[in-house]
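Note that numbering that gives the first Met the number 0 numbers the sequence shown so that position 452 is 451, with each residue one more than the last.
We put the beta carbon where it would ideally sit given N, CA and C, even for glycine.
These notes concern the structure reproduced below.
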Amino acid sequence: MSTKKQSALNLNIDEKGIAWITIDVKGDSQNTIKQSFSEEAETLLDKIEKDRSVQGIIFISGKPNNFISGADISMLNAAHSAEEAADLSRNGHKIFARIESLSMPVISAIHGHCLGGGLELALACSHRIATDENSTRLGLPEVQLGLLPGGGGTQRLPRLVGIASALDMMLTGRQLVARQAKKLGLVDDVVPQANLKKAAEKLLLASVGKVKPVASQMKLAFKPASLIKIPELQKLALETTAYGRKVIFDQAKKTVMKKSRGLYPAPLKIIECVQVGMDVGLEAGLEIEAKNFGDLVVSKEAEQLMGIFFATTELKKETGTSSKVTPMPIERVGVLGGGLMGAGIAYVTADKAGKKVRIKDRDDQGINHALKYCWNIYRKQIKRKKLTINDASIKFAAISGTTSYRGFQRSDLIIEAVFESLDLKQEMVKDIEKICHDKVIFASNTSSIPITQIAKASKRPERVIGLHYFSPVEKMPLLEIVTTDKTSDEVIATCVAFGKQQGKTVIVVKDGAGFYTSRILAPFINEAGQMLAEGVAIEKIDSALKKSGFPVGPLTLLDEVGIDVSAKIAPVLLDAFGERMAPPAIFSKLIDDDRKGRKNGRGLYQYGSKKSGKKQVDESVYSLLDLKPSNEMDKKLIAQRCILMMVNEAAMCLQEGIIKSPRDGDIGAIFGLGFPPVLGGPFKYMDSVGVGEIVEQLKKLEKTCGMRFKPAKILQDYSKTGKSFY
């Protein structure tokens with residue numbers, strides 16, 4: 000028998016008495032748990048329980064590469080009150096408890112993303128089986144939206160895999176591949192995709208009549224043999240005693256406060272849910288989970304983080320151009336330059352996009368460094384059981400190197416990642432056009448030189464574009480695509496599609512000195528330098544910005560990016576925008592003293608020491624700069640000055656059409672520069688403070704600090720009319 004109505008859950012009971020429930024949300028590319036899920040599931044479970052022929056249930060997806068990606072965020076965003084959101088959680092508790100209480104075995108057959116509510120459904124099942132595909136990922140990433148698992152995840156996961164492992168997954172949002180999940184005890188078996196149905200059927204039939212595992216009733220158990228291992232003994236001592244659990248929870252809170260600086264409430268509420276559940280009991284744990292879930296759904300922090308989610312979802316659907324052009328297929332990619340940027344670009348091109356990529360460098364040593372860099376990333380994944388050595392070797396084989404242009408002739412896309420020299424980049428353009436076919440796309444990874452200037456050396460300027468990646472490329476999510484007035488729509492659409500294949504969040508910006516991200520970052524770092532020149536201590540400046548939510552402070556970032564790199568960008572921006580982009584004079588003293596930052600172990604901070612603990616400022620910098628760090632400037636003022644310089648410049652970029660929308664400006668700043676997600680991005684931040692208030696703050700600083708704080712015209716106009724960016 001089968002249900003034929005167009006619902007997300009469809010039932011088919013086969014001749015062996017297996018009830019196959021296929022999850023397929025019609026019209027959507029991915030399955031999400033919508034408000035109708037509970038009602039549809041209840042209806043099917045009623046039918047199953049009335050049918051005596053049924054021996055067990057298997058949940059499986061009707062999508063080609065997705066189990067369930069989580070709850071429908073629009074459903075959560077529509078909740079008007081904390082209590083309304085809490086009721087959504089309680090509804091989830093009710094249906095998952097019913098699935099868990101069934102007398103028959105229930106299997107989740109998982110292929111593709113099994114995240115959030117999808118994993119919570121799987122946890123309510125008696126068994127889980129997953130495919131060995133790299134696309135199969137299991138996790139509870141709600142914390143990344145400012146939320147917590149609201150379908151019983153904070154209760155079932157700790158009982159299944161242990162408190163420490165569960166907290167690690169929930170507090171980081173970390174997603175596991177199937178092999179990692181099996182090692183943790185999260186899944187029972189890992190099989191090839193072609194064998195998923197057969198393996199699930201075999202597991203179910205073998206489980207009929209046996210004691211059914213129920214995650215919510217589990218207690219931490221150890222095999223006697225495992226207790227020989229010190230880590231297992233430590234886990235036993237910590238997780239099975241009240242005192243031991245207190246140690247875990249106290250350490251988790253300490254770590255959370257250090258990393259989040261108290262700006263995000265979700266991590267602490269996750270810990271509270273687990274602690275109540277483990278110390279008081281399941282029922283109390285579920286109730287505090289529902290309450291905390293409701294409170295978080297309507298919090299300002301979740302509003303900002305869900306806003307970022309919706310913005311990135313919109314971007315995934317865009318082609319970068321309004322015309323209906325078909326992206327050109329990219330099969331082979333050439334990378335010029337085997338440094339950290341070039342190697343990182345090659346890695347994501349081969350690993351994520353699945354393209355053949357060839358790196359050109361000046362000598363064999365450069366090629367060897369690039370290939371070693373790529374293999375080291377794979378080696379770490381093998382060690383963490385994210386990849387087998389065979390899978391890693393196959394992916395790595397797509398990357399090759401050369402010291403000549405041999406093998407570049409059939410490349411569809413060339414990405415140059417050489418150092419910041421206009422002459423060198425123009426020479427690269429000419430070389431490529433001599434050896435490659437007429438349709439080849441030439442992309443520059445420059446962070447400041449206008450693409451229009453590079454394209455002047457080209458016979459086909461319509462096929463020249465900027466692909467600005469961020470370091471380290473394999474970790475940083477943003478790709479800033481820079482277009483000139485001559486760049487063709489086909490080239491834009493092709494590069495947007497390519498960037499998405501590399502796993503990047505893509506924004507398209509207009510050409511200009513510094514583009515968008517480098518342009519708004521420069522005044523942010525410059526202002527930190529100005530305050531250093533005023534005698535504010537290096538660590539105090541960085542601490543103030545970290546307290547505001549930036550991952551690192553501006554002076555730490557200067558060391559990381561490279562003081563020499565910033566020195567090359569500064570003249571370009573100064574020439575284009577005048578004195579407001581002038582770097583503080585003290586920066587030239589750092590260059591004269593050969594301080595490049597982390598890369599040569601000489602910067603504002605000390606490098607080379609292997610001692611644990613906080614990174615130390617290089618105190619010799621103060622004598623070099625003839626400064627005494629005695630200025631006790633308020634930390635709020637320090638953060639305000641840096642942030643206002645960045646958001647004011649962002650407003651100018653919107654005013655000049657460098658970015659298309661406030662949304663693109665917010666995404667670029669968050670994903671490329673680490674602007675605090677909790678603030679929503681420069682434009683969301685200005686809206687939340689009030690554009691009028693931002694203008695007043697800028698005018699006040701303009702009087703005390705100089706013309707660089709003059710408010711952008713667009714801000715002054717919005718202030719007069721009461722207009723906001725969103």
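Check, Outcome
"In chain order, each beta strand (DSSP E) run of at least 3 residues that lies wholly inside the segment 526 to 591", "none"
"Local conformation of Gln501 per DSSP, three classes", "coil"
"Integer-rounded CB distance, given that Gly400 should sit under 8 Å from Leu370", "6 Å"
"Cβ-based burial, Phe309 [other Cβ within 10 Å; buried from 16]", "exposed"
"Supposed contact pair Ser206 and Ser125 - C-beta distance, whole angstroms, cut 8 Å", "7 Å"
"Burial state of Phe418 (16 or more Cβ within 10 Å)", "exposed"
"Glu415, DSSP secondary structure in three states", "strand"
"Of the listed residues Gly705, Gln143, Ala199, nearest to Met169 (C-alpha basis)", "Gln143"
"Which residues DSSP lists as bridging Ala70, in chain order", "Ile32"
"Boundaries of the alpha helix (DSSP H) in which Val273 is found, first to last residue", "265 to 278"
"Cα-Cα separation between Ile67 and Gly117, rounded to whole angstroms", "5 Å"
"DSSP-derived helix/strand/coil call for Glu618", "coil"
"C-alpha distance - Leu636 paired with Leu700, whole-angstrom precision", "10 Å"
"Three CB pairs or more closer than 8 Å across the segment 384 to 397 and the segment 328 to 338", "no"
"Euclidean distance between Cα positions of Leu156 and Ala650", "45 Å"
"Span of the beta strand (DSSP E) around Asn11", "8 to 12"
"Inside the segment 94 to 135 only - alpha helix (DSSP H) runs reaching at least 4 residues", "116 to 123"
"Proximity of Asp437 and Ile329 at Cβ, strictly below 7 Å", "no"
"Glu317 in three-state terms, based on DSSP", "coil"
"The segment 547 to 567 in contact with the segment 517 to 534 per 3-pair CB rule at 8 Å", "yes"
"Collapsed DSSP secondary structure at Arg459 in the structure displayed", "coil"
"Three-state class that DSSP yields for Leu226 in the structure shown", "Reliability of the predicted coordinates at Leu226 is poor, the pLDDT of 44 falling under 50, and no value is obtained from them."
"Complete beta strand (DSSP E) runs within the segment 387 to 438 (minimum length 3 residues, chain order)", "398 to 401, 412 to 415"
"N- and C-terminal bounds of the beta strand (DSSP E) containing Leu730", "In the structure as shown, the chain begins at 0 and stops at 725. Residue 730 is therefore absent and cannot be evaluated."
"Where the beta strand (DSSP E) containing Lys355 begins and where it ends", "355 to 359"
"Gly664 (DSSP reduced to helix, strand or coil)", "helix"
"heavy atom of the ligand ATP below 6 Å from Tyr346 C-beta", "Ligands in the displayed structure: none, and consequently the ligand ATP is not present."
"Beta-bridge partners of Thr727, as assigned by DSSP", "Any question about residue 727 goes unanswered here, given that the chain covers just 0 to 725."
"Which listed residue (Tyr606, Leu714, Asp541, Leu672) has its alpha carbon closest to that of Tyr633", "For the record, residue 633 in the displayed sequence is Asp; it is not Tyr. Among Tyr606, Leu714, Asp541, Leu672, the Cα nearest to that of Asp633 is on Asp541."
"Residue span of the beta strand (DSSP E) that contains Phe248, given as start and end", "That residue, Phe248, is in no beta strand (DSSP E); its alpha helix (DSSP H) goes 241 to 259."
"Helix, strand or coil at Ser487 [DSSP, three-state]", "coil"
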